[in-house]
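Number of protein chains: 2
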Amino acid sequence: MPAPDPQDPARCCSYRAVQKRLPILSWLPRYSLAWLQLDLIAGATVGLTVVPQALAYAEVAGLPVQYGLYSSFMGCFVYCFLGTAKDVTLGPTAIMSLLVSSYAFHDPVYAVLLAFLSGCIQLAMGLLRLGFLLDFISCPVIKGFTSAASITISFNQVKNILGLQGIPRQFFLQVYQTLRRIGETRAGDAILGLACLVALTGLGAMKSRLPRAPSVELLSTRVSYRIVWISATARNALVVLFAGLVAYSFQVMGSQPFTLTGKIPQGLPAFQLPLFSEVAPNSTVPFSRMVQDMGDGLAVVPLMGLLETIAIGKAFASQNDYRIDPNQELLAMGVTNVLGSFVSSYPVTGSFGRTAVNAQTGACTPAGGLVTGALVLLSLAYLTSFFYYIPKAALAAVIICAVLPMFDAGIFRTLWRVKRLDLVPLCVTFLLCFWEIQYGIVAGVLVSGVLLLYPIARPPIKVSDRGELLVQPGSSLHFPAIEYLRDTVCGRALAAASSPCSVILDCRHVSSIDYTVVVGLADVLRELRKRGLSLTFRGLQDDVLQALLSAGLEEFQHFTSWQEAEQCGEAEPGSSWALLFPCAERSPLATGCIQ
Amino acid sequence: MPAPDPQDPARCCSYRAVQKRLPILSWLPRYSLAWLQLDLIAGATVGLTVVPQALAYAEVAGLPVQYGLYSSFMGCFVYCFLGTAKDVTLGPTAIMSLLVSSYAFHDPVYAVLLAFLSGCIQLAMGLLRLGFLLDFISCPVIKGFTSAASITISFNQVKNILGLQGIPRQFFLQVYQTLRRIGETRAGDAILGLACLVALTGLGAMKSRLPRAPSVELLSTRVSYRIVWISATARNALVVLFAGLVAYSFQVMGSQPFTLTGKIPQGLPAFQLPLFSEVAPNSTVPFSRMVQDMGDGLAVVPLMGLLETIAIGKAFASQNDYRIDPNQELLAMGVTNVLGSFVSSYPVTGSFGRTAVNAQTGACTPAGGLVTGALVLLSLAYLTSFFYYIPKAALAAVIICAVLPMFDAGIFRTLWRVKRLDLVPLCVTFLLCFWEIQYGIVAGVLVSGVLLLYPIARPPIKVSDRGELLVQPGSSLHFPAIEYLRDTVCGRALAAASSPCSVILDCRHVSSIDYTVVVGLADVLRELRKRGLSLTFRGLQDDVLQALLSAGLEEFQHFTSWQEAEQCGEAEPGSSWALLFPCAERSPLATGCIQ
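Which chain is which? The protein sequence lines are A and B, in order.
With my numbering as the guide, the letters of the first sequence map in order to residues 16 to 610.
With my numbering as the guide, the letters of the second sequence map in order to residues 16 to 610.
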């Protein structure tokens, strides 16, 4: 595509629009060799992580192991073109695999169809621009999610470092079983895992202390700087490769002290439409029946995918100081799942662990995904024997070092200082995420929503009783507040010492009301009238007055602000009730009232 | 219980508390013969309606038909003591039966355990006073729900009037199948059904035109007034009885042109604890496994029960001008389900159709439930042969005449006049209720919630560019608004003609912020600084200033309101920016700023 002419606004605009839909266009022209180097290392490191993870997650999903690899490459390619976050990598994840296992009945035909349908739903959401839903995930929820996820994902890898088999997935059971069976630790795995952890921590510390460029210009200094820089940046890939070599040497020598990734079935998946009905030897399950079987999975799977990708994208965007476009992320995810279903992928989403590895290795653009995807394809086609020797303990060390820094202990102290109420969604999210990640996020979002809605449901209402009962809501009235207002007005009116009295509702702070409030006010009017009390409205703004008038309330009495102003010209400034009481002393049925 | 002494406040208070928990105490002392008469008629009418409905709903739930009757009496007895709405009757409903069919696997042991557990959850919600959730169901949602339900429930009975069998439950399929098979109409059912409809409509119209008491004092006039009044009030029971007699006569004569209710298995259920595990001949399913099998049914069933009962209660409370206590309703429903599970009931909730029959027959208190419950028990013990002859078409006519007046066509016009935005939740609820009632209510509540949250997510932001960019949010800032504020500030600052300029954020209307907003403002500060722009805060209220200071933002510049007031003493009143611009013309790094 030729470079756009910046003088031509129409072309510029349309180029902008294309760029918005194809984010690769905004970074590809600026692509540099330095970026390439970092992206290559990051892509390769993620690739070395994703292969064994994919095999493990396919087992969680209850599918043959190769389906994990089939699901691991399309997201990398698509995201390179359509993604707006440099760190996010799409692929199979623990949560999504679990969901697939419950909605696809361990049947690849169902799993692939679920990917196709979820992709279509996500595409539709992206085109309908529903990405604004992201705005309702607050910082404390994201912090709670990332902190809890870093602990659970790290602990999930401890079993690999200890070489323990058959540890359950649920966090609390995992902790219990891991501690109970710690005596069964395999020495080889533990030593290798700890060595990798130490190496990774050391190289990481070295990287953070490394000056930006060597201050002296000697060739030897520059070369050694280069070596240190590369080994610090590529530490994940180096550690995995080195551990693989060690394992291979042991294998050659005839003994194997490590738990290895093991055999991977070879061969690329066919590129074909997903099956829309299942043909079994005895019977055929039609499309409608399959959709019915998947049931609410068709809502849960795409929504959890959205939630996970966007929560992760937002977390890394905030950490690495860039911004994501949620609608574009939705499109990228939708396209990935739809195209993925053509290569027998099950539903995928943003992976927290691999995104952390990617970010921490220093990815500059999503181009690293091409390397990751190519590695997965290569491994499927030829390299399964190569990945055979990767010790699980080394991969576990990589994942732990990637996710553990995401734990932010300081956030609790910060929120205590800045806004204590925000500790509630933080703690709810944090604690529930140990039970199930999705419950934690949903509960956190709901709690934040309740904190937002509380002031709407219980607006401040000032009541003063000086002969007449004066009720002044402190903000606009919306439907969740009307029962509360009704209780306040009727309760106070009936309990007032000087009853029977008249009630004045001062609506100066009420800039809008809705139909439920109008109905509720009509009820209040009727209830008070039954007990011989009158209700007069004061300080009505135009919109509110119009709504009340058009509802045709019986015995609706009000002062317009113009009349009030005229009648109350003698009000003393300084008294907060000054504008009201001179009027309140007249009868509400005086000439100033419109009935 | 002796009458409380009103002079003793302690006793009075405790009596009040007991009265709140046992609402029967507030109406029983005032109970009169006139009420008894109406309650007897209403209770009997509902009883004649519930028996055949219970049998039909048990089939919907996939349980043996007697389980419908087992579920129909406990709610009537419990609600008489604990209920706060005079019209509501608890029992098996179409929606709940459908939910039970999907969560209880057509197994009575599961269904009864589900009732027990749902009851416990509802009791807990009542004791935790979660009834305030009711505040979030707005008037348009309730109107949409009742209008749609009146149409679907009426149409659901058309098949009985036409004598059609095997019509599906889903509304659209039902309409399609009913129209397609209208040729199969059974003449007997159709004639009887239409006759019942005409009779019910005529008697109903007579009732509404009847004067409150006869104006002449002649005995014959009074007697004939009494006869007309009773037949108009008891029209539902009369029509059902009369139709039953007609059907019986035909049966005696050896032919039967009507579809009858048919045979009901006889005998009362045992009073026993629900089974907490299922013992099959070959294997035992333990409690934990049963709970796991029911899964999210344990959330959906109690919540839908709450939603249905409270939506119905609120609808009839508003129509008949009384108020319900949602927490007490929750307790009543919880106790009903727990005690119901002791008599082999499946989960029950408020029934829209029978509540409408009850209200329209003229129930004065929940005492009619005793009659309904007794009728169900009698019918189980002895009267199954009596109910055998009730023609389904007559029952259908009763239900149609009860629910059709709940359709409120005027609400659309009213909302158009009073508040057009409220048409959105109304239409969403109304239309989706034709698909599935529960989806309609949930979607309506969500849409109302979005309308409430929209002003929070997109607060009014006034931007003016006079040398410096002045940004003034019109309300408090909460987390959903921060992306929008960031886009506005950064977008306008970079696009401003006079760039590079400085940006002033006027926070005079911001009375509170949360942690996400603080983080977002720190991002804005950093983003602007990168581009050589400064950001200064003005008019910060104390809480907001405290939050920003304790977050330790880098390069945080602000004026306190005291300093502004001193510096801006010369402001001309009348100009909305008056207080700001005299300050804005100084450098934000002048002595007035605290850094």
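Glycine is no exception: its CB is placed at the ideal position from the N, C-alpha and C atoms.
- For Gly489(B), the closest alpha carbon among the candidates Ala508(B), Leu466(B), Val518(B) and Cys522(B) is that of Cys522(B).
- The beta carbon of Ala119(B) sits closer than 6 angstroms to the beta carbons of Tyr125, Ala126 and Leu129 from its chain, once the five residues preceding and following it are set aside; these are given in chain order.
- Bridge partners of Ser479(A) according to DSSP: Leu485(A).
- In this structure, DSSP gives Arg36(A) a helical state, which the three-state scheme calls helix.
- Chain A has no Cβ within less than 8 angstroms of the Cβ of Phe552(B).
- In the DSSP annotation of this structure, the continuous segment of the alpha helix (DSSP H) that includes Ile245(B) starts and ends at Leu234 to Thr248.
- For Gln189(B), the three-state secondary structure derived from DSSP is helix.
- Closest option to Asn335(A), judged by alpha-carbon separation, among Val532(A), Thr376(A) and Glu344(A): Thr376(A).
- Taking the beta carbon of Glu498(A) as reference, the chain B residues within 7 angstroms of it are Asp150, listed in sequence order.
- Its chain contains Ala76, Ala126, Leu129, Tyr361 and Pro362 as the residues whose beta carbon lies nearer than 7 angstroms to that of Val115(B), once the 5 sequence neighbours on both sides are disregarded; these appear in chain order.
- Asp54(A) has a beta carbon lying at 8 angstroms or more from every beta carbon in chain B.
- Counting only runs of 3 or more residues that sit fully inside the stretch 492-527 of chain A, the beta strand (DSSP E) segments are 518-521, in chain order.
- By the criterion of a C-beta distance shorter than 7 angstroms, Ala252(B) is surrounded in its chain by Ile56, Ala59, Thr60 and Leu63, once the five residues flanking it on both sides are discounted.
- The continuous stretches of alpha helix (DSSP H) do not include Gly554(A), which lies in the beta strand (DSSP E) extending over residues Leu550 to Leu555.
- For secondary structure counted as the alpha helix (DSSP H) over 4 or more consecutive residues, the stretch 77-139 of chain B holds these complete runs in sequence order: 81-85, 89-97 and 109-118.
- Under DSSP, Pro406(A) shares a beta bridge with Leu275(A).
- Val75(A) sits in a helix when the DSSP states are folded into three classes.
- For Ala562(A), at least one C-beta of chain B is nearer than 8 angstroms to its own C-beta.
- When the beta-carbon positions are compared, Ala409(B) and Ala258(B) come within less than 8 angstroms of each other.
- Straight-line spacing of the CA atoms in Gln192(B) and Pro183(B) works out to 8 angstroms.
- Look at Phe571(B): its C-beta is not under 8 angstroms from any C-beta on chain A.
- Classified as buried, Val156(A) has 16 or more neighbouring CB atoms from the shown chains inside 10 Å of its CB.
- For Glu293(B), the secondary structure class from DSSP, reduced to helix, strand or coil, is strand.
- The criterion of a C-beta distance shorter than 8 angstroms is satisfied by Met348(B) and Gln137(B).
- The beta carbon of Pro301(A) lies closer than 8 angstroms to those of Ser292 in the same chain, with the five residues before and after it left out.
- Taking 8 angstroms as the threshold, the shortest C-beta distance from Pro155(B) to chain A falls below it.
- A contact between stretches requires three or more CB pairs, one per stretch, nearer than 8 angstroms, and the stretch 564-576 of chain B meets this requirement with the stretch 542-554 of chain B.
- Contact between Lys329(A) and Leu149(A) holds, since their C-beta atoms are separated by about 7 angstroms, short of 8 angstroms.
- Under a criterion of Cβ atoms nearer than 9 angstroms, no residue of chain B is adjacent to Lys174(A); the nearest Cβ is some 24 angstroms distant.
- A Cβ-Cβ contact shorter than 8 angstroms links Gly146(B) with Pro341(B).
- Not a single CB atom of chain A sits nearer than 8 angstroms to the CB of Ser29(B).
- The shortest C-alpha to C-alpha distance from Leu275(A) to any of Ser223(A), Leu283(A), Leu177(A) and Val213(A) is the one to Leu177(A).
- What Phe427(A) touches in chain B, judged by beta-carbon distance under 7 angstroms, is nothing: the nearest beta carbon there is about 11 angstroms away.
- Spatial neighbours of Ser394(A) in its own chain (CB-CB distance under 6 angstroms, excluding positions within 5 residues in sequence) are listed in chain order as Val66 and Phe402.
- The three-state secondary structure of Gly62(A), taken from DSSP, is helix.
- With a cut-off of 8 angstroms on Cβ pairs, the stretch 159-175 of chain B is in contact with the stretch 433-451 of chain B, counting three or more such pairs.
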